[in-house]
Structures are given as C-alpha cells and as structure tokens.
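The structure appears right after this line, and notes come after that.
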Amino acid sequence: MALGLLGLTSVSAASASEDAFLSLPAFEIPAFDYASLAQGDVPSTLLETLQVDGIVALRHVPNFVNMHEKYLNAAAKCAVAAAHSAENDFLSEKNFEDGTRRYTINTNAGLELDTAAENTRKVCPGYRELYLEFSALLENAVNGFGVALDQTSFTASDGHRVISSRQLVSEAVRLDHFHAYQASTTQAEAAVPAYAEHRKLEFSLPLHEDHGLFIAMIAPKFFEVHDEGEERRLVERELANDASGLVIQRASGQKVRPVLKEDEVFIMMGTGGSRWLQTSHRIPAVMHGMRMPDSLVQNEHRSLRAWFGKMTLLPTYQRLLENNDVMFDEHANMTTRFLLESTDDDLKTIGCATGRMLTASEGSCTHRSCTTKSGATAPDEGCATVCNREGHSSTDESECSEKCSCTDDSGSGELCWMLCLHPHSDDCDASDDHLGTCHDLGACHDFKSSDNYLQPIDNAQSKQWIVSYTHDVEPKQRCFQS
3 MALGLLGLTS VSAASASEDA FLSLPAFEIP AFDYASLAQG DVPSTLLETL
53 QVDGIVALRH VPNFVNMHEK YLNAAAKCAV AAAHSAENDF LSEKNFEDGT
103 RRYTINTNAG LELDTAAENT RKVCPGYREL YLEFSALLEN AVNGFGVALD
153 QTSFTASDGH RVISSRQLVS EAVRLDHFHA YQASTTQAEA AVPAYAEHRK
203 LEFSLPLHED HGLFIAMIAP KFFEVHDEGE ERRLVERELA NDASGLVIQR
253 ASGQKVRPVL KEDEVFIMMG TGGSRWLQTS HRIPAVMHGM RMPDSLVQNE
303 HRSLRAWFGK MTLLPTYQRL LENNDVMFDE HANMTTRFLL ESTDDDLKTI
353 GCATGRMLTA SEGSCTHRSC TTKSGATAPD EGCATVCNRE GHSSTDESEC
403 SEKCSCTDDS GSGELCWMLC LHPHSDDCDA SDDHLGTCHD LGACHDFKSS
453 DNYLQPIDNA QSKQWIVSYT HDVEPKQRCF QS
C-alpha cells in the first residue's frame with residue numbers, strides 16, 4: 003500500500019512540475035543569416051539584439067545541418083559504448099539530484115583543436131575525425147561572430163588597451179563539451195524510495211550563467227537505447243523544438259522555453275565580458291537551466307538527451323580587468339591552485355560575484371590517471387571509471403583503493419566549465435518544498451552575502467574541491483508562474 007502511494011505521489015509531483023514547465027511561453031531566438039553577418043547594418047542590429055537578452059541564432063552556417071545530425075549520432079553512440087567499456091578515460095560521469103546521469107566528452111578546442119580527442123580512437127573508431135570536422139565548422143561560425151562585432155561600435159579593453167573583437171574571439175581558449183544526459187527510468191522509480199523527492203525538483207541542471215565570454219551551442223537530439231544482447235542500438239526520438247528541456251530567463255526576468263531549431267547555431271552570452279573585460283555596451287549574461295522532459299523519464303528504454311557546446315574564454319595572454327597583473331593562463335592556474343589548496347587569500351581573485359562560490363560543472367578537471375595494481379583484478383568497469391566518478395556507487399572508493407593505483411592528471415582536465423553558485427546548507431530538508439511548484443536548484447541553500455567559497459554543484463553534500471570554468475547560479479528560489 004505504501005509503495006502504491008509513493009508511486010502516485012511521484013507521478014503527481016512529476017506531472018505538476020512538467021505542467022509548470024510547459025506553461026512557460028515559447029521564445030523565438032532572434033536569428034541572423036551567417037553569410038551576411040558582417041554586411042551593411044546587420045552587425046549593428048546584431049549588437050542591439052544581444053543587448054536585449056544576450057542570445058542570438060546563426061542560420062545557414064555552411065554544412066551545419068548535415069554535420070549536426072552526423073556528429074550528435076556519433077557522439078551519442080560513443081558515449082554509450084564508452085560507458086560500458088573499461089577503457090573510457092575520456093568519458094566523465096555525474097549524477098544529478100533528480101536521478102539524471104550525465105556522460106561528458108570534453109576537449110580543449112580553438113588553437114588546440116588539432117590534437118584533441120586522440121584518446122577516443124580505440125573505443126570509438128571514426129569519432130575523432132567527425133568531431134574535428136564538426137568542431138572546426140563551429141570554430142568558423144564563432145570567428146564569424148567575432149568579425150561581425152568588429153564591424154560595430156562595440157569595444158572591449160582590459161582597462162588600458164582596446165582589444166579587437168576579431169582577435170579576442172579567434173585567439174581565445176575554447177572548450178568543447180558533448181553531454182549525453184541519461185534520464186531516470188520508470189524502473190528507477192520502483193527501486194529508489196526517494197524518487198518522488200528527485201522528480202519534484204524543477205531542474206536537472208540548475209539555473210546558472212556561464213562564466214565565460216559566450217557559448218556556441220546546438221539543438222539537442224534525443225535517443226532511446228535498445229539493448230540487443232551485448233550490442234546497443236540507438237533509436238532517435240522526435241520532440242518539439244520548444245520542448246528540449248532548456249529554460250532561459252530573459253533580461254526582464256521572464257522565464258521562457260526557447261525554440262531550438264536544428265539548422266541554427268545559438269550564441270549565448272556569459273559573465274566573462276563583464277567580469278574580465280571593460281566593454282562599451284552592456285550585454286547581459288543569460289540565466290539558463292535544463293529539465294529532462296518527462297517523456298524521456300517515463301519510458302521503458304533508457305533515454306538520452308545529446309547536446310554539444312563550444313565555450314569561448316579569453317586568449318592565454320590576455321590581461322584581466324579585475325587584476326591587470328594577471329594574464330588569463332595565470333588566472334586559470336591560480337583557480338586550479340585555489341581549488342586544490344582552498345586558501346582564503348586567493349578567493350577575491352577567482353571571479354565569482356559576491357555571495358557565490360566557484361564550482362565545477364563536471365568532474366574531469368580533477369581527473370586521475372589510474373591503472374590496475376600488480377596482481378589485482380581490474381574492476382568490471384575499469385579503474386579510470388570507478389576512481390573518477392562521484393555519487394554512483396558506495397563501493398567505488400574502496401574498490402579503487404584495493405585494486406587501482408592513481409596519479410593526478412594535470413593534462414586534459416585542467417580547464418573546463420565551472421559554476422558560481424550559492425553555498426549549500428547541510429540543514430536542507432527537501433520536504434519543505436511544495437511539490438511541482440518551486441525549484442530548489444537541486445539542493446537547499448542559505449543565502450548569505452559573506453559566504454563565497456567553493457563546492458561542487460553535481461554532488462552538493464561533497465566537500466571535495468574541483469577545478470573548471472564557471473557559471474553563476476540564480477541567487478534564490480523562485481516559482482514558475484502559471
């Protein structure tokens with residue numbers, strides 16, 4: 003009887019949350035033709051549009067439609083294959099409060115693109131070549147955006163020297179992330195008593211702002227994973243353009259469901275322009291979050307939301323407005339040192355707004371290189387997996403210690419996306435929230451302006467520091483307006 007009541011509560015909670023999500027208005031992202039981006043008065047119109055909500059779309063990017071489909075299909079297959087392989091050191095994994103699991107393939111891009119994704123060759127033959135072609139295509143689109151800004155009155159400086167938008171964008175450090183979000187299944191509802199509490203949370207990924215100059219992203223694709231013996235077959239699912247799970251908050255404060263079209267590249271601004279540079283125009287960073295669509299959760303098969311984004315940061319040599327004695331590569335290294343050492347003296351230079359803390363979007367930034375100990379039997383999922391993931395199994399730590407030898411890897415995980423969010427309260431009681439009404443950012447929070455320390459977003463109870471490149475999270479609980 004109790005189990006039946008739990009199931010009913012869970013379904014009603016999820017339904018209320020889904021209704022609240024679907025009640026948000028759809029939002030058409032202003033679109034610009036890529037070929038004419040730097041012509042006539044288009045650049046000025048582009049800048050004016052960015053000043054409104056901080057987001058635009060680029061359409062008719064050469065060969066994008068064809069490559070969009072090919073790449074996401076290949077990347078989703080690669081993530082699924084790697085998740086079941088012991089040789090998957092290029093794949094990181096995170097679990098979210100609502101039961102969503104996220105698999106990530108991340109690489110440094112931009113000027114480092116030629117050497118990216120080498121470690122995917124064995125598990126995912128052919129993936130690297132397709133990834134490089136797709137990423138280079140988006141590099142061209144991003145650089146075209148920088149050229150267009152150069153045709154306007156927009157200027158940026160470090161407080162002493164004006165910087166060309168074209169140069170700023172084309173020579174910036176860039177990070178590529180592919181995410182495969184795996185939805186909770188109906189089986190998980192029966193197996194996990196806390197499922198009702200998980201699904202009442204409004205978001206899988208909390209509302210946040212990217213702590214970078216901007217991100218170029220694409221519309222997601224959705225797949226079912228069909229297990230056929232030892233083989234796994236992906237079957238694409240169609241969802242409406244405004245039902246991707248993405249929510250953005252416009253500059254007016256209104257939350258909307260953006261329409262994500264598969265033939266467009268979306269440019270969404272982050273906080274880096276205002277934190278790292280002095281700019282002539284105020285372009286708002288976009289608050290955004292993601293909720294896994296219920297149609298993916300309530301499904302007998304495993305369901306995936308496949309997505310790709312390219313984050314633009316700063317050139318390594320660029321001096322920061324906040325501290326003109328520090329160049330961006332030094333800033334990145336200082337951030338790493340702070341997160342690993344947790345020294346309060348460095349806190350003011352990290353770059354989060356008052357009352358927010360720097361946290362990692364995913365865990366590959368502290369990736370450890372792990373091998374099987376001599377004479378030991380390797381874990382079923384391999385040392386690289388069980389020693390690096392968080393929140394998956396209570397036996398991971400002991401199994402890693404018993405069977406594996408690890409060293410810190412300061413290579414591919416040194417730079418990655420981060421979040422700035424409010425500190426977590428250990429006195430959190432999720433039952434205080436009203437089912438299907440308000441989101442609590444995946445955890446409960448105390449909001450004290452003096453609290454500005456670091457902690458991971460994906461596992462709010464953990465006190466382990468992690469390194470990456472950030473987002474600012476919405477500063478307080480808010481309800482959807484019906």
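When you line the sequence shown up against our numbering, it's residues 3 to 484, in that order.
Ideal placement from N, C-alpha and C gives every residue a C-beta, glycine not left out.
Just so it is clear, the structure is predicted and the values come from calculations on it, not from any experiment.
Among the residues of its own chain, which have a CB less than 7 Å from the CB of residue i, if the five just before and after it don't count?
{"i": "Ser-452", "result": "Interpretation of Ser-452 is limited by its pLDDT of 27, a score under 50 that renders its predicted location unreliable; the figure taken from the coordinates is listed afterwards. Answer for Ser-452: no residue qualifies."}
{"i": "Asp-35", "result": "Arg-61, His-62"}
{"i": "Asp-331", "result": "Thr-318"}
{"i": "Arg-123", "result": "Arg-130"}
{"i": "Glu-89", "result": "Lys-124, Val-125, Gly-384"}
{"i": "Thr-374", "result": "Ala-380, Cys-385, Lys-405, Cys-406"}
{"i": "Glu-401", "result": "Pro-381, Val-388"}
Checking 8 Å against the spacing of the C-beta atoms, do residue i and residue j come in under that value?
{"i": "Arg-321", "j": "Asp-152", "result": "no"}
{"i": "Leu-93", "j": "Ala-76", "result": "no"}
{"i": "Leu-52", "j": "Val-44", "result": "no"}
{"i": "Ile-31", "j": "Pro-260", "result": "yes"}
{"i": "Asp-100", "j": "Met-294", "result": "yes"}
{"i": "Ser-407", "j": "Cys-372", "result": "yes"}
{"i": "Glu-226", "j": "His-303", "result": "yes"}
{"i": "Met-69", "j": "Ser-206", "result": "no"}
{"i": "Ala-386", "j": "Asp-91", "result": "yes"}
{"i": "His-213", "j": "Gly-274", "result": "yes"}
State the DSSP-derived secondary structure class of residue i, mapped to helix, strand or coil.
{"i": "Thr-405", "result": "Thr is not the amino acid found at residue 405; the sequence shown has Lys there. If DSSP states are grouped into helix, strand and coil, Lys-405 belongs with the helices."}
{"i": "Met-69", "result": "helix"}
{"i": "Asp-43", "result": "coil"}
{"i": "Glu-324", "result": "coil"}
{"i": "Leu-60", "result": "strand"}
{"i": "Gly-274", "result": "helix"}
{"i": "Gly-353", "result": "For Gly-353, the pLDDT reaches just 48, beneath the cut-off of 50, and the residue's location in the model is therefore unreliable, although a value from the coordinates is still provided. Residue state, collapsed to three classes: coil."}
{"i": "Arg-130", "result": "helix"}
{"i": "Asp-152", "result": "helix"}
{"i": "Val-299", "result": "helix"}
{"i": "His-333", "result": "helix"}
{"i": "Asn-110", "result": "strand"}
{"i": "Gly-146", "result": "helix"}
{"i": "Leu-26", "result": "coil"}
{"i": "Thr-318", "result": "coil"}
{"i": "Arg-168", "result": "helix"}
{"i": "Asp-212", "result": "strand"}
{"i": "Thr-379", "result": "coil"}
{"i": "Asn-97", "result": "strand"}
{"i": "Thr-51", "result": "helix"}
{"i": "Cys-80", "result": "helix"}
Which residues in the same chain have their Cβ closer than 6 Å to the Cβ of residue i, if we skip the five residues on either side of it in sequence?
{"i": "Leu-279", "result": "Ala-158, Leu-323"}
{"i": "Asp-178", "result": "Thr-109, Ala-111, Ser-137, Lys-312"}
{"i": "Leu-262", "result": "Ala-221, Asn-243, Ser-246"}
{"i": "Val-67", "result": "Asp-265"}
{"i": "Glu-127", "result": "The sequence given here has Pro at residue 127, not Glu. Cβ within range, chain order: n/a, list empty."}
{"i": "Arg-104", "result": "Lys-96, His-181, Tyr-183"}
{"i": "Asp-21", "result": "none"}
{"i": "Ile-217", "result": "Met-270, Gly-311, Met-313"}
Flag residue i as yes if its beta-carbon sits less than 8 Å from any beta-carbon of chain B, otherwise no.
{"i": "Thr-314", "result": "The structure shown contains no chain B; it holds only a single protein chain."}
So, for residue i: in the same chain, excluding its five sequence neighbours on each side, which residues have a beta-carbon less than 8 Å away from its beta-carbon?
{"i": "Asn-145", "result": "Arg-168, Val-171, Ser-172"}
Quick check on this structure: which residue in the options has the alpha carbon closest to the alpha carbon of residue i?
{"i": "Tyr-73", "options": "Glu-89, Trp-309, Val-125, Arg-104", "result": "Trp-309"}
{"i": "Ile-269", "options": "Ser-376, Ala-150, Gly-231", "result": "Ala-150"}
{"i": "Leu-298", "options": "Thr-314, Thr-409, Thr-102", "result": "Thr-102"}
{"i": "Val-258", "options": "Asp-21, Glu-95, Ala-28", "result": "Ala-28"}
{"i": "Glu-383", "options": "Ala-84, Gly-274, Thr-47", "result": "Ala-84"}
{"i": "Gln-41", "options": "Glu-95, Asp-91, Thr-154, Pro-127", "result": "Thr-154"}
{"i": "His-290", "options": "Thr-373, Gly-272, Cys-406", "result": "Gly-272"}
{"i": "Asn-325", "options": "Thr-47, Glu-226, Arg-277, Thr-409", "result": "Arg-277"}
{"i": "Pro-64", "options": "Thr-314, Ser-38, Thr-409, Lys-79", "result": "Ser-38"}
{"i": "His-162", "options": "Arg-307, Phe-156, Asp-327", "result": "Asp-327"}
Counting pairs of Cβ atoms below 8 Å between the region 241-254 and the region 123-138, do you hit three or more?
-> Judged by Cβ distances under 8 Å, the region 241-254 makes no contact with the region 123-138, as fewer than three pairs qualify.
Are there three or more Cβ pairs, one per stretch, closer than 8 Å when the region 226-245 is compared with the region 279-291?
-> Too few Cβ pairs lie closer than 8 Å, so no.
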